[in-house]
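Here is the structure we will look at.
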Amino acid sequence: MEMQLRINEYWSKRSDEFADARYQDLHSQKKEEWLSVIRSWLPDKKEIRALDLGTGAGFFAFLMQELGCTVTGIDYSEAMIDNAKKVMGKLGREGIVFRQMDAQKLDFEAESFDFIFSRNVTWTLPDPEQAYREMYRVLAPGGCILNFDANYGQAFKKQDLEGITEKQAVSDTSAYENPARSLAMLKERNQIAAELGICDEKRPFWDVQVLASLGMKKITVDLAAETHFFGGKPVSEAEKAWYNPAALFMVAAQKETHSLKK
Numbered sequence: 000m001e002m003q004l005r006i007n008e009y010w011s012k013r014s015d016e017f018a019d020a021r022y023q024d025l026h027s028q029k030k031e032e033w034l035s036v037i038r039s040w041l042p043d044k045k046e047i048r049a050l051d052l053g054t055g056a057g058f059f060a061f062l063m064q065e066l067g068c069t070v071t072g073i074d075y076s077e078a079m080i081d082n083a084k085k086v087m088g089k090l091g092r093e094g095i096v097f098r099q100m101d102a103q104k105l106d107f108e109a110e111s112f113d114f115i116f117s118r119n120v121t122w123t124l125p126d127p128e129q130a131y132r133e134m135y136r137v138l139a140p141g142g143c144i145l146n147f148d149a150n151y152g153q154a155f156k157k158q159d160l161e162g163i164t165e166k167q168a169v170s171d172t173s174a175y176e177n178p179a180r181s182l183a184m185l186k187e188r189n190q191i192a193a194e195l196g197i198c199d200e201k202r203p204f205w206d207v208q209v210l211a212s213l214g215m216k217k218i219t220v221d222l223a224a225e226t227h228f229f230g231g232k233p234v235s236e237a238e239k240a241w242y243n244p245a246a247l248f249m250v251a252a253q254k255e256t257h258s259l260k261k
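Position 170, counted from 1, in the sequence shown is what numbering that gives the first Met the number 0 calls 169; the numbers after and before it change by one each time, with no gaps.
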């Protein structure tokens, strides 16, 4: 199976689980924490066109809308997009455009957005460098890319080497009874990650090099974003198999003020 289709199949199977989890997050302290982080990086302008790249169930799209942005959310998984629309209806919201789209081939005109947000997406892509090129292309001069990610692939490789048991993969608690959280799915996630080239890159230094080569300015890196912004994340016994032990990092980059459309 083509890698992109394999990735899509995996995340689509987990779309319902993600929708439930993100809906709960919208009514938790996580929402306020993320609002504070995103607010601090938004461009200083009256009208902000924001792109939530890899929107999943739309959590960050809803936050950016609350901050006054005009928001578009995209995801390769149609199942994720369907759930994002369902959550929008459940919240009584409207106005966010959710579209099924490949992050490596954005169907937008150059300089269409002032702010691009992404979390836990670049590590899942067959060609993340191309995704960064596309982000740069559709970002307006003076705009900002804010990406949160981690070296998940390396952590998953280690997990496979140490061995995964059925007991680790499936918890007795109701939060982990979703059929997507099975030993087979856990192994599939790890195997996909191991086959993606970005798994072996030294990140976020690789990200900085790519962004700098595109001409991005004012690149900011935080190697311990989870701790600095959210006080770290406690891990229960039930969550250990699915928790990503790799440290969440942040990369923020601003596009030069003057740019020729490409």
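Ideal placement from N, C-alpha and C gives every residue a C-beta, glycine not left out. None of these values were measured; they are calculated from a predicted model.
Which residue from the options puts its Cα closest to that of residue i?
i, options, result
"residue 255", "208, 136 and 83", "136"
"residue 218", "75, 70, 197 and 146", "146"
"residue 130", "107, 224 and 246", "107"
"residue 225", "249, 41 and 18", "249"
"residue 37", "116, 186 and 134", "116"
"residue 142", "47, 80, 119 and 148", "47"
"residue 153", "191, 85 and 22", "191"
"residue 144", "61, 206 and 101", "206"
"residue 120", "113, 186 and 134", "134"
"residue 62", "21, 245 and 197", "21"
"residue 195", "24, 126 and 203", "126"
"residue 246", "184, 58, 118 and 70", "118"
"residue 252", "139, 183, 184 and 199", "139"
"residue 2", "221, 200 and 187", "187"
"residue 223", "197, 189, 148 and 208", "148"
"residue 103", "124, 16 and 93", "124"
In the DSSP assignment, the beta strand (DSSP E) including residue i goes from what residue to what residue?
i, result
"residue 116", "112-118"
"residue 51", "48-52"
"residue 216", "216-221"
"residue 197", "Unbroken run through residue 197: none, as it is neither H nor E."
"residue 72", "69-74"
"residue 98", "96-99"
"residue 251", "248-253"
Which residues in the same chain have their Cβ closer than 7 Å to the Cβ of residue i, if we skip the five residues on either side of it in sequence?
i, result
"residue 78", "11 and 14"
"residue 151", "122, 192, 243 and 245"
"residue 53", "74, 102, 117 and 120"
In chain order, what residues of the same chain lie with their CB nearer than 6 Å to the CB of residue i, ignoring the 5 residues before and after it?
i, result
"residue 235", "Its pLDDT being 48, under 50, residue 235 is placed unreliably by the model, and nothing is read from it."
"residue 82", "14, 18 and 56"
"residue 49", "63, 68, 70 and 114"
"residue 169", "Its pLDDT being 47, under 50, residue 169 is placed unreliably by the model, and nothing is read from it."
"residue 209", "128 and 131"
"residue 80", "74, 97 and 99"
"residue 202", "150"
Using 8 Å as the cut-off, classify the Cβ of residue i as near or not near the heavy atoms of the ligand MG, replying yes or no.
i, result
"residue 38", "Among the ligands in the structure shown, none appear at all, so the ligand MG cannot be discussed."
Does residue i come within less than 9 Å of chain C when only Cβ atoms are used?
i, result
"residue 129", "Reference to chain C is not applicable here, since this structure consists of a single protein chain."
Let's see if you can read the secondary structure: which residues bound the alpha helix (DSSP H) around residue i?
i, result
"residue 184", "182-194"
"residue 130", "127-137"
"residue 64", "58-65"
"residue 204", "204-213"
"residue 28", "28-40"
"residue 107", "Looking at the DSSP string, residue 107 is not in any alpha helix (DSSP H), and its letter there is neither H nor E."
"residue 23", "14-24"
"residue 88", "77-90"
Which whole-angstrom value describes the C-beta separation of residue i and residue j, a residue pair presumed to lie in contact below a C-beta threshold of 8 Å?
i, j, result
"residue 58", "residue 24", "6 Å"
"residue 34", "residue 8", "Contact flag wrong, Cβ pair sits at about 33 Å."
"residue 122", "residue 197", "6 Å"
Beta-carbon within less than 8 Å of residue i's beta-carbon, same chain only, minus the 5 sequence neighbours each way: which residues are those?
i, result
"residue 100", "73, 74, 75 and 106"
So, does the stretch 152-161 touch the stretch 208-225, judging by three or more C-beta pairs under 8 Å? no
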